[in-house]
Amino acid sequence: MLTLLKTDKEDTNKVKTLNKLGWHFFLLGKYDSSLLFSNRAMSISNRLSFKNGIPPACTNIGSVYLHQGNYSEALKYYLSALKIQEETGHKRGIANTYNSIGSVYSAQADYRTALKNYLMALKIQEELGDKKGMGTSYSNIGIVYSSQGNAAEALKNHFASLKIKEETGNKKGIAISYDNIGVIYYEQGNYDKALQNFLITLKMGEEMSDRYMVASSSGNIGSIKTTRKEYKEAKKYLDKSLSLSKEIGAKDLISLGHQNFSKLDSALGNYQSSLEQYKLYIVYRDSINNEESSKKTVQQQMQYDFDKKESLAKAEQEKKDLVSAEDKRKDQLNFRFTVVGLIAVAFFAIIIFFSLYRTRKQKSVIEKQKAEVDQQRALADERLVVAEEQKSIIEKQKTEVDKAYEKLHEKNKEVMDSIYYARRIQRALITNEKYIEKNWNALKRIA
Numbered sequence: 001m002l003t004l005l006k007t008d009k010e011d012t013n014k015v016k017t018l019n020k021l022g023w024h025f026f027l028l029g030k031y032d033s034s035l036l037f038s039n040r041a042m043s044i045s046n047r048l049s050f051k052n053g054i055p056p057a058c059t060n061i062g063s064v065y066l067h068q069g070n071y072s073e074a075l076k077y078y079l080s081a082l083k084i085q086e087e088t089g090h091k092r093g094i095a096n097t098y099n100s101i102g103s104v105y106s107a108q109a110d111y112r113t114a115l116k117n118y119l120m121a122l123k124i125q126e127e128l129g130d131k132k133g134m135g136t137s138y139s140n141i142g143i144v145y146s147s148q149g150n151a152a153e154a155l156k157n158h159f160a161s162l163k164i165k166e167e168t169g170n171k172k173g174i175a176i177s178y179d180n181i182g183v184i185y186y187e188q189g190n191y192d193k194a195l196q197n198f199l200i201t202l203k204m205g206e207e208m209s210d211r212y213m214v215a216s217s218s219g220n221i222g223s224i225k226t227t228r229k230e231y232k233e234a235k236k237y238l239d240k241s242l243s244l245s246k247e248i249g250a251k252d253l254i255s256l257g258h259q260n261f262s263k264l265d266s267a268l269g270n271y272q273s274s275l276e277q278y279k280l281y282i283v284y285r286d287s288i289n290n291e292e293s294s295k296k297t298v299q300q301q302m303q304y305d306f307d308k309k310e311s312l313a314k315a316e317q318e319k320k321d322l323v324s325a326e327d328k329r330k331d332q333l334n335f336r337f338t339v340v341g342l343i344a345v346a347f348f349a350i351i352i353f354f355s356l357y358r359t360r361k362q363k364s365v366i367e368k369q370k371a372e373v374d375q376q377r378a379l380a381d382e383r384l385v386v387a388e389e390q391k392s393i394i395e396k397q398k399t400e401v402d403k404a405y406e407k408l409h410e411k412n413k414e415v416m417d418s419i420y421y422a423r424r425i426q427r428a429l430i431t432n433e434k435y436i437e438k439n440w441n442a443l444k445r446i447a
């Protein structure tokens with residue numbers, strides 16, 4: 001990974017690499033290196049406007065400040081991460097950040113607010129089916145119940161967390177669960193079981209090179225050894241714990257380390273040293289939980305809540321304005337469509353009117369022409385009737401003429417026959433004129 005950073009190209013891949021390194025060094029308890037890489041990741045993300053690169057960087061930085069006991073700064077970075085995750089809709093990230101915010105409140109003994117955040121995280125993780133995240137949430141909820149003295153609920157949640165972490169292979173989570181379960185057994189006076197769990201945590205922490213975990217579990221083992229009056233062993237573990245805590249700057253563990261040494265010195269009769277250790281415990285404790293720090297934490301949460309409400313109100317107003325603008329645009333469009341529609345209706349009405357007028361006029365002309373045609377047809381029919389009548393009369397007259405003609409023809413024939421008959425008789429009776437003339441001339445000659 002470090003080799004990849006030597007390239008001059010600053011892109012989203014480089015941001016992702018820097019964030020991974022930031023988290024890696026946080027887990028190792030090398031907080032300065034974690035802050036260095038995480039701040040570089042954030043700087044490049046801002047230059048590239050790469051929103052998704054900012055929340056992981058904020059989470060890394062917030063986690064460093066949480067372990068250093070700087071709760072107001074831790075919360076500031078967690079809230080910055082949450083804001084962007086809500087904007088981008090990154091639900092898994094939102095749930096993880098709720099867990100981180102809950103841890104800030106839990107560290108300040110504000111268990112009510114801590115539990116509220118843990119439960120919000122768990123709800124989202126259940127919706128997403130995020131088993132790894134659920135394991136973390138159950139663990140955190142168990143810590144709250146343990147701090148409130150509800151050991152039964154605490155163990156129930158811690159064992160539920162351990163089961164999920166074992167199923168998902170979350171080695172660091174498994175170690176944390178053993179540590180949390182060990183704390184409950186220690187508070188119940190079951191030192192054998194407590195020690196058994198702390199030793200498992202210590203071994204896993206060393207395997208992972210997790211210095212915070214090694215320091216924490218070493219302190220817990222040293223405390224049990226003190227209770228059992230195994231002072232030499234106790235001092236060995238407490239020295240290891242305090243030394244590592246100072247190396248990584250974990251104020252919460254430094255505070256507990258001085259408290260444990262105060263108890264050990266008191267048990268050994270070193271009351272002056274015990275008092276000095278106790279004073280150091282108070283100094284570190286108060287530096288973590290001072291009134292100003294708590295006030296800053298509350299102010300930041302209130303400011304975030306206010307900004308979120310204001311952002312939601314602004315978004316709602318923008319939505320209303322958008323709806324109003326959309327309604328106005330729709331009204332304008334409707335008005336325009338109405339005007340265009342009315343113009344179109346008027347235009348078509350005029351067209352229809354003139355069309356009807358033209359149709360009626362044409363109809364009137366056609367009806368007039370039809371009337372004339374009907375009149376002419378009537379006249380023609382009348383003429384036809386007259387013609388038919390005349391034809392009938394003519395045909396009747398013709399028939400009568402034909403009959404008269406036939407009769408006349410018959411009469412004429414009869415007359416002609418009579419004439420021809422009379423002529424034949426006459427010719428038979430009357431001598432031929434030429435014959436007479438011939439005979440007359442012959443007589444003249446004789447005479």
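One point on numbering: in the working numbering, the residue at position 34 of the sequence shown is 34, and numbering is uninterrupted. Using N, Cα and C, we set each Cβ at its ideal position, and we do this for glycine too.
Requested in this report: Write down the C-beta distance between S100 and S63 rounded to the nearest angstrom, noting that I regard them as a contact closer than 8 Å.
Outcome: 7 Å
Query raised in the report: Between Y284, A250, Y231 and E247, which lies nearest to N270 when the distance is taken from Cα to Cα?
Result: Comparing Cα positions, the closest option is Y231.
Report task. Please name the residue in Q68, L21 and I54 whose C-alpha comes closest to that of S255. Result -> Looking at the Cα atoms, Q68 is the closest of the given residues.
Requested in this report: Since I believe N260 is in contact with Y238 (beta carbons under 8 Å), could you give me their beta-carbon distance rounded to a whole number of angstroms?
Outcome: Note that residue 238 corresponds to Leu in the displayed sequence, not to Tyr. About 5 Å; that satisfies the 8 Å criterion.
Query - Nonlocal neighbours in the same chain, by C-beta distance under 7 Å from S216, ignoring five residues either side - result: D179 and L253
**Report entry** Alpha carbon of Y31 to alpha carbon of D130, nearest angstrom
**Finding:** C-alpha separation (whole angstroms): 28 Å.
Requested in this report: Check K309 in the structure and name its three-state DSSP category.
Outcome: Any reading at K309 must be qualified, since the residue scores a pLDDT of 49, below 50, and its modelled position is unreliable; the value itself is stated next. In the structure shown, K309 sits in a helix (DSSP, three-state: H, G or I).
**Report entry** V104 versus A74 - alpha carbon distance
**Finding:** 7 Å
Query raised in the report: Going straight from the alpha carbon of L202 to that of V214, what length do you get?
Result: 5 Å
Query raised in the report: What distance in whole Å lies between the Cβ atoms of G29 and R211, which are believed to be in contact at a cut-off of 8 Å?
Result: 3 Å
Requested in this report: With a cut-off of 8 Å on the beta carbons, I'd call N157 and Y138 a contact; round off their distance for me.
Outcome: 5 Å
**Report entry** Span separating the alpha-carbon of S38 from that of I54
**Finding:** 9 Å
Report task. Kindly list the residues whose CB is nearer than 7 Å to the CB of Y281, restricted to its own chain and excluding five residues on each side of it in sequence; keep chain order. Result -> S255, H258, Q259 and S262
Query - 8 Å CB neighbourhood of M42 in its chain, flanking five on each side removed - result: G53, I54, A57, C58 and I61
Query raised in the report: Taking the continuous alpha helix (DSSP H) assigned at E153, which residues delimit it?
Result: A151 to T168
Query - Rounded separation between L66 and G173 - CA only - result: 18 Å
Query raised in the report: According to the neighbour-count rule (16 or more other Cβ atoms, all chains shown, within 10 Å of its Cβ), is E437 buried or exposed?
Result: By the 10 Å Cβ count, E437 comes out exposed.
Query - Inter-residue spacing [alpha-carbon to alpha-carbon] between T97 and K123 - result: T97 and K123: Cα-Cα distance of roughly 13 Å.
Query - Spatial neighbours of A234 in its chain, beta-carbon cut-off 6 Å, leaving aside the 5 residues before and after - result: G222, K225, T226 and L264
**Report entry** Coarse secondary structure for L27, derived from DSSP in three states
**Finding:** Looking at L27 - three-state DSSP - the assignment turns out to be helix.
Requested in this report: Taking only runs that begin and end inside the segment 251-277, name each unbroken alpha helix (DSSP H) of 4 or more residues, in chain order.
Outcome: Entirely contained in the segment 251-277, the alpha helix (DSSP H) runs reaching 4 residues are, in chain order, 251-267.
**Report entry** Closest Cα partner of I141 within the set E127, E126 and N117
**Finding:** N117
**Report entry** Span of the alpha helix (DSSP H) around A215
**Finding:** R211 to T227
Query raised in the report: Smallest Cα separation from Q108: which of K407, L18 and I288?
Result: For the residues K407, L18 and I288, the minimum Cα distance to Q108 belongs to I288.
Requested in this report: Would you kindly work out how many angstroms separate the C-alpha atoms of L119 and S80, rounded to a whole number?
Outcome: Straight-line Cα distance between these residues: approximately 20 Å.
Query raised in the report: So, are the CB atoms of S106 and I143 less than 9 Å apart?
Result: yes
Query raised in the report: V15 and L48: beta carbons closer than 9 Å?
Result: yes
**Report entry** With 16 other Cβ atoms within 10 Å as the buried cut-off, status of A154
**Finding:** buried
Requested in this report: Measure the alpha-carbon distance for M134 versus Q125 and round it to whole angstroms.
Outcome: 6 Å
Report task. Report yes if the CB atom of T88 is closer than 9 Å to the CB atom of K132, and no otherwise. Result -> no
Query raised in the report: Got a sec? Which residues, its chain only, sit under 7 Å from T12 by beta carbon, not counting five neighbours each side?
Result: L48, F50 and G53
Query raised in the report: Count the other CB atoms within 10 Å of the CB of R377; is the residue buried (16 or more) or exposed (fewer)?
Result: exposed
Requested in this report: Report the three-state DSSP secondary structure of K9 (helix, strand or coil).
Outcome: coil
Report task. Would you give the residue range spanned by the alpha helix (DSSP H) that S100 belongs to? Result -> Segment K91 to A107, the alpha helix (DSSP H) holding S100.
**Report entry** Nearest-angstrom Cα separation, counted from S45 out to E206
**Finding:** Using only the alpha carbons, I get a separation of about 34 Å.
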